[in-house]
Amino acid sequence: MKIEPIPHNQFATPSLHAQGLYIGGEWLPGQGIDVINPATGEVLAQVADAGLEDAVKAVNAADSAALQWRKTSARERAEILRRWFHLMNEHAEELAHLIALENGKALPDARGEVAYAAEFFRWYAEEAARIPGEFRHTPSGSHHILVDHEPIGIALLITPWNFPAAMATRKIGPALAAGCCVILKPASETPLTAYAMARLGAQAGVPDGVVNVLTTSDPAGVTNAILADPRVRKLSFTGSTAVGRILLAEAAKSVVSCSMELGGNAPFLVFDDADLDAALDGAMVAKMRNAGEACTAANRFYVQDGIHDEFVAALTQRMAALTVGPGTEPQTQVGPMITAAAVAKIDRLVTDAATRGARVHTGGRPLPGPGYFYPPTVMDNIPATAPIAYEEIFGPVAAVYRFNTEDEAISMANDTEYGLAAYVYSGDMARALRVGKRLESGMIGINRGLMSDPAAPFGGVKQSGLGREGGVTGILEFMEAKYFAVDF
Ligand code: NAP
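In structure tokens, the structure reads:
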């Protein structure tokens, strides 16, 4: 069945985006995976459950479209991405509603995500026409070096549930701009947004087979089958470090190029000389965007001794004032967690820290159901050995630690296998930059609690990932350099 535009007043209806797999520009009917509303625990819709034969179909569809797509002019690819950007904005309110329904995040967060997600299409519409090449002289001066960038080939894109729109556009945008066809496997918890975006892509003029979307209850089996196909040359994954490690090993079997956006454990450093109100504003954004379910979420607040107590008191006041409820309710500021298991994990980390002597200033216990709610929580006096200090909390819990010296703060901040995001608040810019230089992290927020921007290179060091998404280099993750040795 061909894809048809959906009228505005029906676009946010979950069942309309649950018609089957989207392969080769057609809906292949199917069912099997329940999509749950985390605010109620009820089933919103059922989506198709792809098997191994669907994996082959998706690669075939991408392969059939590949030659024509890479030959399409950069300007034409850009125009399609640009139309997709406009369509996302036209449907922004319905997309936000769909995200709030299946992911649970509060509508203001969902609206912010749609705007951010659409910007990747605009940014890469602009970058498509600026794919770089190089011309150099050899050091001997007697020969020439010409470097061209070519689309890498079919790309498998695997995305998490916490940003169902943005994690997809952050990959689809540069891949299409580069001239690659893609197979998107969204998270099982939030497939409706991905299918809704596929509809908009078709309306924008994305040719059949250039973007394929499949959901599966067997992510390992289906993605391993795709990775094993020699026509697939790229894996772009966003998700946990644990799954990233498994996929890297799998991709190694056929030496597939990998970009990995993995887990985080962001430190948030506040020095005595910081503007306290600005630090609190930043802390609320860095902690509570998406109710704490973000890879860049501040996981560990390190606050200097002189302002520690004042910071904790003020943060507690702000966190306790937040309204918790279903993401789709207009007054909600903190929506439900994604699953019951997510609530259980947060509960384990908080309870464990409390039994080790941590003080809980607000929150600290899951809220009664239905739905998977955990309240905004602030804790301090946490021993460094508590798991909450080294595991991703992924929830609305601010864990605050005290420090005295700059060296001590840096050493505590770097004491983690992760290195995605870090934040520094100080009134002394020289200090902030000096500290930022020593933090082992791919991204540093200086007096800012929000760093995501399509124009910036997003990514981590250490076990937070490989490669960068966004920015001017993001497109090169989907390209191979080809070197011509030239004499003339
Ligand atoms: P996840 O459990 O790693 O899942 C991510 C994706 O991988 C989902 O689509 C999942 O499919 C799939 N998957 C799971 N096991 C797989 C396997 N063996 N083979 C192939 N695919 C597999 O992560 P999540 O819980 O969705 O997301 C939260 C994590 O993502 C956090 O650690 C967070 O920090 C990280 N994250 C990182 C960034 C970044 O940019 N660095 C951004 C956002 C999130 P199913 O849903 O079907 O299981």
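Residue numbers (my numbering): 3 to 490. For glycine and all other residues, C-beta sits at the position ideal for the given N, C-alpha and C.
Do you know whose CA, among the options, lies nearest residue i's CA?
| i | options | result |
| --- | --- | --- |
| I390 | Y376, I348, D307, V362 | I348 |
| N11 | E95, I82, E471 | E95 |
| E121 | V380, S219, P176 | P176 |
| A76 | N105, H139, A180, D150 | A180 |
| Q279 | E394, G429, A356, E191 | Correcting the residue identity first, residue 279 is Asp in this sequence and not Gln. Ranking E394, G429, A356, E191 by Cα distance to D279 puts G429 first. |
| A296 | A112, K73, N39, L46 | A112 |
| K289 | A276, A400, R201 | A400 |
| V37 | I25, A268, L100 | L100 |
| M339 | A293, M431, D409 | A293 |
| V257 | A230, A244, L264 | A230 |
| E6 | Y485, L369, Q205 | Q205 |
| L23 | L89, E44, S219 | S219 |
| F486 | P328, P385, A167, F137 | F137 |
| E419 | N267, G461, A60 | N267 |
| T243 | A170, F480, S466 | S466 |
| G524 | C260, K236, N406, S142 | This structure gives no information on residue 524, because the portion of the chain shown stretches from 3 to 490. |
| Q33 | D65, P378, L216 | L216 |
| V437 | G461, T407, K464 | T407 |
| D455 | G308, K73, V116, E92 | V116 |
| N105 | V224, G329, A346 | G329 |
| R291 | A41, V213, G337 | G337 |
Which of the three DSSP states, helix, strand or coil, is assigned to residue i?
| i | result |
| --- | --- |
| V150 | The residue you asked about is not Val; residue 150 is Asp in the sequence shown. Strand. |
| L435 | helix |
| L468 | strand |
| M481 | strand |
| M453 | coil |
| D65 | helix |
| I446 | strand |
| D382 | strand |
| W491 | Since the first residue shown for the chain is 3 and the last is 490, residue 491 is missing from the structure and cannot be characterised. |
| A168 | helix |
| M339 | coil |
| V257 | coil |
| G53 | coil |
| A360 | coil |
| E252 | helix |
| P16 | helix |
| N39 | strand |
| R235 | strand |
| A268 | strand |
| T161 | coil |
| I25 | strand |
| L30 | strand |
| I8 | coil |
| L496 | Here the chain has residues from 3 to 490 only, and residue 496 is not among them. |
Between the alpha carbons of residue i and residue j, how many angstroms are there, rounded?
| i | j | result |
| --- | --- | --- |
| T341 | W125 | 33 Å |
| Q21 | I395 | 35 Å |
| R358 | R84 | 53 Å |
| M381 | T318 | 9 Å |
| L18 | W29 | 12 Å |
| P459 | G476 | 7 Å |
| A80 | L109 | 30 Å |
| A315 | V326 | 20 Å |
| V272 | I448 | 10 Å |
| R201 | A227 | 26 Å |
| A344 | L186 | 24 Å |
| I156 | A68 | 7 Å |
| P153 | D56 | 24 Å |
| R320 | G371 | 24 Å |
| G284 | H146 | 51 Å |
| A281 | P398 | 17 Å |
| R440 | L89 | 42 Å |
| L452 | V287 | 7 Å |
| S238 | G469 | 9 Å |
| T387 | A98 | 39 Å |
| V362 | N383 | 9 Å |
| D311 | F405 | 12 Å |
| T364 | V352 | 12 Å |
| E128 | F87 | 12 Å |
| A170 | P193 | 11 Å |
| I309 | D274 | 6 Å |
Comparing the C-beta of residue i with each C-beta of chain C, is any distance below 8 Å?
| i | result |
| --- | --- |
| G366 | Absent from the structure: chain C. Only one protein chain is present. |
- In chain order, which continuous runs of the beta strand (DSSP E) of length 3 or greater are located wholly inside the region 73–139? 136–139
- Message: My parser needs the alpha helix (DSSP H) runs of 4 or more residues fully inside the region 172–229; what are they?
- Response: 193–206
- Task: Can you check the region 299–337 for any alpha helix (DSSP H) of at least 4 residues that lies completely inside it and give the ranges in chain order?
- Result: Listed in chain order, the complete alpha helix (DSSP H) runs (minimum 4 residues) inside the region 299–337 are 307–322.
- Message: Runs of 3 residues minimum, wholly inside the region 386–432: which ones carry the beta strand (DSSP E) assignment?
- Response: 399–405, 423–427
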